[in-house]
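*Asks:*
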Amino acid sequence: MNLHQNLLNEPPETRLADNPEAREALARADDPTPVAGRFPEYSAAWARLAELALADGRPVAAYAYARTGYHRGLDQLRRSGWKGHGPVPWEHEPNRGFLRALHALGKASEQIGDAEEAERCAAFLRDSSAEADKALNG
């Protein structure tokens, strides 16, 4: 008997693989730009670039960085078995880069006047991880 079997027929959680080398490089970096260049698949570096651009009042740059991190994360989610919906848990640290990029994409979209994209991103974040939504939106 499997005690962890999902009896509600909901999709399973998707947990991205860790990239310790990229994670450690980003933790040591004052500027995430070289980390994004060295590890272009690492969503957390793009998310950090987007967050810095938003804080600096550069929403178009933030949008570009966030869109890159978001799409790189979607690629990884799909390779990990994600079928376009289902939980992407915030508590699994490797998922946070994608979730932060998604959040930043929504914020940048809002700032450039793309309300439809901003709402889509906000809903996607809530649907993927209520914990991420709470952590990132307060």
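Everything in the sequence shown is counted per this note's numbering, starting at 1 for the first residue and increasing by one.
Ideal placement from N, C-alpha and C gives every residue a C-beta, glycine not left out.
Quick caveat, the model's predicted, so the values are computed rather than measured.
Are the region 27 to 37 and the region 82 to 92 in contact at 8 Å, needing three or more beta carbon pairs?
*Replies:* no
*Asks:* Which class does L125 belong to by DSSP, given the choice of helix, strand or coil?
*Replies:* Here residue 125 is taken as the residue at index 125 of the sequence shown, counted from 1. If DSSP states are grouped into helix, strand and coil, L125 belongs with the helices.
*Asks:* Between S43 and A130, which are expected to be in contact by the criterion C-beta below 8 Å, what is the C-beta distance as a whole number of angstroms?
*Replies:* The residue given as residue 43 occupies position 43 in the sequence shown. The residue given as residue 130 occupies position 130 in the sequence shown. Actually they are not in contact, since the Cβ atoms of S43 and A130 sit about 20 Å apart, beyond 8 Å.
*Asks:* Following the continuous alpha helix (DSSP H) through H103, name the residue where it begins and the one where it ends.
*Replies:* Here residue 103 is taken as the residue at index 103 of the sequence shown, counted from 1. From DSSP, the alpha helix (DSSP H) with H103 extends over 96 to 112.
*Asks:* Which two residues bound the contiguous alpha helix (DSSP H) that contains Y70?
*Replies:* The sequence position of residue 70 within the sequence shown is 70, counting from 1. Residues 59 to 79.
*Asks:* I think F39 touches N19, with their Cβ atoms under 8 Å apart; what is that distance to the nearest whole Å?
*Replies:* Residue numbering aside, residue 39 sits at position 39 when the sequence shown is read from its first letter. Residue numbering aside, residue 19 sits at position 19 when the sequence shown is read from its first letter. Indeed they touch by this definition, with Cβ atoms about 7 Å apart.
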